Structure formats: C-alpha cells, structure tokens
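Here numbering that gives the first Met the number 0 is used: the first residue of the sequence shown is 0, the next is one more, and so on.
Ideal placement from N, C-alpha and C gives every residue a C-beta, glycine not left out.
This structure is a prediction, so every number in the text was calculated from the model and none was measured.
Written out below as structure tokens is the structure these notes cover.
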Amino acid sequence: MNLKDIGNKFQEKFLGSKGERTPEEVVKKEVIEPIQDENIEVSDEETIEKIIILLSKCSKERRKAIIEELRKAKEISSDILIESAVQVADSEEVSDEVAVDLAKQSSDKTAMGILENAEISEDDRLAIIRTLKDNEKKENAICKELKMSYGAMKNQEQQSEFVGRIQKIIGIFKRTDKINEELYKIVAKNLAFMYQKTNGGMDLYLMEQLVPIHEMIRVKMPEKIGQEYANLLKEGEENKFDLSEVKGRFLDRMIKEIHRKAIDEKQPDSTFMKYIGEVDEEESELLMKCIQKYNPDISEKEMGKILRIAKGEENESIYEPKRKKQNNSIINEEEIDVDIIRECIDSGLIKILGEMSEQERKISLTAMTNSLEKRVRKEKNVQMLKNAKVAPREEVPKVKKAEFKGDIDR
Numbered sequence: 000m001n002l003k004d005i006g007n008k009f010q011e012k013f014l015g016s017k018g019e020r021t022p023e024e025v026v027k028k029e030v031i032e033p034i035q036d037e038n039i040e041v042s043d044e045e046t047i048e049k050i051i052i053l054l055s056k057c058s059k060e061r062r063k064a065i066i067e068e069l070r071k072a073k074e075i076s077s078d079i080l081i082e083s084a085v086q087v088a089d090s091e092e093v094s095d096e097v098a099v100d101l102a103k104q105s106s107d108k109t110a111m112g113i114l115e116n117a118e119i120s121e122d123d124r125l126a127i128i129r130t131l132k133d134n135e136k137k138e139n140a141i142c143k144e145l146k147m148s149y150g151a152m153k154n155q156e157q158q159s160e161f162v163g164r165i166q167k168i169i170g171i172f173k174r175t176d177k178i179n180e181e182l183y184k185i186v187a188k189n190l191a192f193m194y195q196k197t198n199g200g201m202d203l204y205l206m207e208q209l210v211p212i213h214e215m216i217r218v219k220m221p222e223k224i225g226q227e228y229a230n231l232l233k234e235g236e237e238n239k240f241d242l243s244e245v246k247g248r249f250l251d252r253m254i255k256e257i258h259r260k261a262i263d264e265k266q267p268d269s270t271f272m273k274y275i276g277e278v279d280e281e282e283s284e285l286l287m288k289c290i291q292k293y294n295p296d297i298s299e300k301e302m303g304k305i306l307r308i309a310k311g312e313e314n315e316s317i318y319e320p321k322r323k324k325q326n327n328s329i330i331n332e333e334e335i336d337v338d339i340i341r342e343c344i345d346s347g348l349i350k351i352l353g354e355m356s357e358q359e360r361k362i363s364l365t366a367m368t369n370s371l372e373k374r375v376r377k378e379k380n381v382q383m384l385k386n387a388k389v390a391p392r393e394e395v396p397k398v399k400k401a402e403f404k405g406d407i408d409r
C-alpha cells in the first residue's frame with residue numbers, strides 16, 4: 000500500500016470520506032454562518048429546511064455527530080429542533096429515524112415537544128421516552144402512552160400481542176401509582192372486550208404477566224372489568240356481566256397458585272395468602288369454596304387464619320424460601336446479585352438491550368450467553384489442569400533393566 004492509499008484510508012476512518020469536512024465545520028458553514036450573517040435575513044423556516052437536508056443526506060453515525068453540534072449551537076433554539084423533527088415525521092421523503100435521533104440526542108424539552116407534535120410510530124415514541132432524563136416527564140409520557148392505547152382500543156386484541164405491547168410501555172420505568180392507575184384501566188378494558196366477545200370467557204394467565212393475580216384481586220379488578228363492560232354496551236343492550244362469577248374465577252386462580260406453592264414449599268396455605276383487601280360476606284364464601292376445592296382436608300383453624308389474613312386482620316407467616324442445590328453450592332432461588340445488575344446498568348448494557356427490538360435482544364442475549372459459557376468452561380478447564388496432581392518426573396519410580404547371566408533355559 001503506497002502513501003496515497005494510506006492517506007485515503009486515514010481520511011475515510013477519521014473524516015468519514017475523502018476530504019470530508021468535520022460535523023462541526025458542516026454545521027457552522029451550512030447553518031450557523033447564514034444566521035450570523037448580518038447582510039442577509041434567514042427565517043426559522045429556512046434554517047429548519049437546511050437542518051432537514053443536512054440530516055437526511057448523511058449516515059446514521061455522522062448524523063449523530065451533526066445533531067450534537069446543532070444541539071450545542073446557541074443560535075439553534077429547541078423550538079427549531081422540535082419543528083425540524085415534526086416536519087421530518089410529516090415528510091414521506093425523509094425517514095422517521097432522523098426525527099427519533101434528533102429527539103433522543105436533544106434536551107428533555109425538545110424530546111417532549113417532538114413526542115407531543117410529531118406523528119411517529121409507537122415504537123419510535125417509546126425509543127424517545129427511554130432517553131428522557133427527568134423521571135416525572137418519563138412517568139407522564141408512559142401514562143400518556145397507556146391512555147392513548149386505552150382510547151385506541153376498539154375491540155379485543157390478540158392477547159399475546161396486547162401483553163407484549165403493554166410490557167414494552169411499562170417496562171421503560173418502574174411502576175408508580177400513577178402508571179398503575181392507567182395500567183389497571185387498560186387491562187380491565189381488554190378483559191371486558193374478551194368477556195363480551197367470548198360470551199363470558201377470560202384468559203387470566205397471559206394478563207398476569209402485566210398484573211399478578213393477587214394484585215388484580217387487591218385492586219378490585221373484577222369490578223373494574225364490570226365498569227368497562229358496561230361502557231361497551233350499546234343502548235338497550237342487556238348487561239350480562241356476572242360479577243360474583245368473575246370474582247370466583249379470580250379467587251380460584253389465586254388459590255390454585257397458592258396451594259401449588261404451599262405444597263412445593265411444604266408450608267400451610269396461609270403462608271402465601273397475599274393481602275387482598277377487605278372481603279365482604281359473599282367474597283368470604285367464595286374464598287372458602289376455592290380453598291376447599293384445592294385443599295379439601297384443610298383444618299378449621301387454618302381456614303380461619305386465611306380469612307383473617309384476607310381481611311387484613313392478621314399478617315402472613317414469615318418463612319424462608321426453599322433452597323436448592325446447584326453446582327455443588329446452596330443458592331436462594333430469589334437471590335439477586337445487586338452488584339452485578341448495577342455493573343450491567345453502569346456499563347450501558349441494559350440501555351443497549353432496551354433499545355433493541357425483542358427479536359434482536361433475544362439473538363444478542365443468546366450470543367452473549369453462549370460466548371460467556373464457553374469462556375467460563377475454558378477457564379475451569381485451565382484451572383483443573385493447574386490443580387491436577389501429577390507426580391514430578393523425578394518422583395516416577397525407575398525400572399531397572401533386566402540383566403541376564405548365562406544362557407536362557409530352553
């Protein structure tokens with residue numbers, strides 16, 4: 000390779016292409032200098048057009064650097080950046096990816112402006128929400144997404160798709176009372192649609208991936224479903240919602256799980272009875288029927304304890320979860336290494352995985368796991384060889400050579 004080729008390679012690596020100006024130079028020449036020129040008047044609309052053209056022409060990596068320069072420039076207001084992103088989102092010629100990148104790299108104010116004004120997909124909005132630094136703004140944005148989903152729901156969605164979509168929204172931030180309020184509403188509406196569509200049927204198993212069954216009981220989910228069901232009825236249509244039957248179904252589901260866990264852990268059912276709020280006389284009877292269904296031999300004393308816990312009159316028993324043996328060591332099934340999780344967060348791994356699509360994330364995690372497992376196995380093998388007790392060469396007993404005297408007997 001001659002010196003010219005080496006020079007070209009250097010330019011391609013560090014300048015993007017042969018002789019290309021740096022992002023700072025481009026932004027200064029194309030956007031900033033016209034604004035600073037006192038001899039010409041440049042409108043905000045003209046500046047916005049220059050920004051869009053500039054961003055639409057470059058690669059994703061270079062676009063990131065140019066956006067950073069635009070963001071730092073005091074001559075470019077957040078309103079101009081917002082309007083640039085909105086016009087990109089409205090344009091059929093420029094990819095929405097430009098608007099998303101612009102929002103993700105800008106201030107929370109700019110990002111919120113884009114969320115509120117740009118017509119972009121749900122996935123793009125969620126990608127922007129993930130980058131918000133202000134927790135209150137992030138919480139409000141998530142609540143708004145849930146409200147939008149609630150309002151847009153006109154019929155029953157396929158359950159797996161519905162659960163996956165809502166998981167993406169609530170997975171961005173820790174669940175708060177404000178988020179839960181919107182989450183319960185959309186879950187109740189979906190279950191009401193299911194009840195109406197299937198003439199009384201409801202699949203609680205998938206919905207538990209969004210809200211655990213004991214939590215649904217505690218927040219009176221059957222009543223919420225009944226309210227949503229009433230809202231779906233057309234004028235004059237009969238309300239066929241059976242609240243008592245639905246309550247029984249929820250309790251049955253919870254007691255089934257409790258009894259299974261109680262058997263697995265060799266504990267009484269009362270040990271796992273979650274606080275489900277004040278139960279009335281009808282709910283107490285339903286609760287007892289469910290318990291007797293799965294545990295017909297339950298004692299009167301244990302039944303009384305369960306009812307007192309359900310009413311909040313008595314606390315659950317404290318117990319140590321069963322410990323399992325794994326890899327010749329005792330570990331707690333519920334134990335989480337907080338330091339490892341913190342290192343993953345600090346390194347940016349969690350953020351990178353969160354920005355991937357579900358399919359990309361699965362592929363990446365599989366590849367990472369396989370690679371790490373191979374490395375661990377290799378290190379173990381090396382350590383085993385080091386620890387192997389092999390006798391030194393000088394300690395190996397020496398065999399004397401046979402010495403023959405005279406003829407061998409025939």
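Considering only residues of the same chain and omitting the five flanking positions on each side of V93, which have a CB-CB separation below 7 Å? The residue given as residue 93 occupies position 94 in the sequence shown. Excluding positions up to five away in sequence, the list reads I51, S55, V87.
Taking the straight line between their C-alpha atoms, what separation do you get for S370 and G353? In the sequence shown, the residue the question calls residue 370 occupies position 371. In the sequence shown, the residue the question calls residue 353 occupies position 354. So the alpha carbons of these two residues sit roughly 20 Å apart.
DSSP on C142, reduced to helix/strand/coil? The residue you call residue 142 lines up with position 143 of the sequence shown. Helix, per DSSP.
So, at 6 Å on beta carbons, what are the nonlocal neighbours of E74 in its own chain, with the 5 sequence-adjacent residues on each side left out? Walking along the sequence shown from the start, residue 74 turns up at place 75. For E74, where only same-chain residues beyond five positions count, the Cβ hits under 6 Å are I31, I34.
So which of A102, D133, T130 has the shortest CA-CA distance to I119? Within the sequence shown, the letter at position 120 stands for residue 119. The shortest C-alpha separation from I119 is found at A102.
CA-to-CA distance, K177 to E48, given in whole angstroms: Stepping through the sequence shown from its first residue, residue 48 is reached at position 49. Stepping through the sequence shown from its first residue, residue 177 is reached at position 178. Looking at the two C-alpha atoms, the distance is approximately 39 Å.
CA-CA distance, A249 and E82? For the purposes of this step, residue 249 is identified with residue 250 of the sequence shown, where counting begins at 1. For the purposes of this step, residue 82 is identified with residue 83 of the sequence shown, where counting begins at 1. At residue 249 the sequence reads Phe, which differs from the Ala that was named. Computed Cα separation, rounded: 49 Å.
Once DSSP output is grouped into helix, strand and coil, what is the label at G235? Locating residue 235 in the sequence shown gives position 236, where the first residue counts as 1. Note: G235 maps to coil in three-state DSSP.
From E284 to M201, what does the alpha carbon distance come to, in whole angstroms? Locating residue 284 in the sequence shown gives position 285, counting from the first residue. Locating residue 201 in the sequence shown gives position 202, counting from the first residue. Cα-Cα distance, rounded: 22 Å.
Beta-carbon separation (whole angstroms), A64 vs P22, contact threshold 8 Å: Here the question's residue 64 lines up with position 65 in the sequence shown. Here the question's residue 22 lines up with position 23 in the sequence shown. Rounded, the Cβ-Cβ distance is 4 Å, consistent with contact.
Less than 8 Å between the CB atoms is what I'm expecting for Q104 and I66, so what's the real figure, rounded? Here residue 104 refers to the residue found at position 105 when the sequence shown is read from its first residue. Here residue 66 refers to the residue found at position 67 when the sequence shown is read from its first residue. With a Cβ gap of about 5 Å, Q104 and I66 count as contacting.
Below 8 Å on the Cβ atoms is my contact criterion, and I expect F161 with N198 to pass it. Report the Cβ-Cβ distance as a whole number of Å. By 1-based counting over the sequence shown, the position of residue 161 is 162. By 1-based counting over the sequence shown, the position of residue 198 is 199. About 19 Å separates the two Cβ atoms, so there is no contact after all.
Only counting the same chain, and skipping five residues up and downstream in sequence, which positions put a Cβ closer than 7 Å to that of M272? Residue mapping note: residue 272 aligns to position 273 of the sequence shown, counting from 1. If we look at M272 and ignore the five residues flanking it on each side, its Cβ neighbours are I257, I305, I308, A309, E315.
Tell me whether R20 sits in a helix, a strand or coil according to DSSP, three-state version. Along the sequence shown, read from residue 1 onward, the residue named residue 20 stands at position 21. If DSSP states are grouped into helix, strand and coil, R20 belongs with coil.
Segment limits, alpha helix (DSSP H) that includes E68: The count along the sequence shown starts at 1 and reaches residue 68 at position 69. It spans 59 to 71 - the alpha helix (DSSP H) in which E68 sits, taken as one unbroken run.
6 Å CB neighbourhood of L203 in its chain, flanking five on each side removed: Against the sequence shown, residue 203 aligns to sequence position 204. Cβ within range, chain order: R252.
Of the residues N154, A187, L209, the one placed nearest K173, counting alpha carbons only: Within the sequence shown, residue 173 is the residue found at index 174, counting from 1. Of N154, A187, L209, the residue nearest in Cα terms is L209.
Tell me where the alpha helix (DSSP H) around M193 begins and ends. Against the sequence shown, residue 193 aligns to sequence position 194. Here the alpha helix (DSSP H) through M193 covers 176 to 196.
Could you check whether P267 and E301 sit closer than 8 Å to each other, using their CB atoms as the reference points? Along the sequence shown, read from residue 1 onward, the residue named residue 301 stands at position 302. Along the sequence shown, read from residue 1 onward, the residue named residue 267 stands at position 268. Against a cut-off of 8 Å, the Cβ pair of P267 and E301 comes out as a contact.
What would DSSP say about I305, mapped onto helix, strand or coil? Here residue 305 corresponds to residue number 306 of the sequence shown, with the count starting at 1. In the structure shown, I305 sits in a helix (DSSP, three-state: H, G or I).
Within 10 Å of its beta-carbon, does C289 have 16 or more other beta-carbons around it, so buried, or fewer, so exposed? Here the question's residue 289 lines up with position 290 in the sequence shown. Buried, because 16 or more other Cβ atoms sit within 10 Å of the Cβ of C289.
First through last residue of the alpha helix (DSSP H) which encompasses V99: As a working mapping, residue 99 is identified with position 100 in the sequence shown. That run of the alpha helix (DSSP H) goes 95 to 104.
Reduced DSSP category for G163 - H, G, I as helix; E, B as strand; rest coil: Working through the sequence shown from its first residue, we reach residue 163 at position 164. Helix.
Curious, which full-length alpha helix (DSSP H) runs of at least 4 residues does the stretch 222 to 302 contain? 242 to 264, 280 to 293
Have a look at V186, E234, K239 and flag the residue whose alpha-carbon is nearest the alpha-carbon of Q195. For this step, residue 195 is matched to residue 196 along the sequence shown. Comparing Cα-Cα distances from Q195 to each of V186, E234, K239, the minimum goes to K239.
Please report the distance separating the alpha-carbon of I351 from that of K219. Counting from 1 along the sequence shown, the entry for residue 351 is found at position 352. Counting from 1 along the sequence shown, the entry for residue 219 is found at position 220. Roughly 37 Å separates the two Cα atoms.
Would you please verify whether the beta carbon of T365 is less than 8 Å from any beta carbon of chain D? Protein chain content of the structure displayed is limited to a single chain, and chain D is not contained in it.
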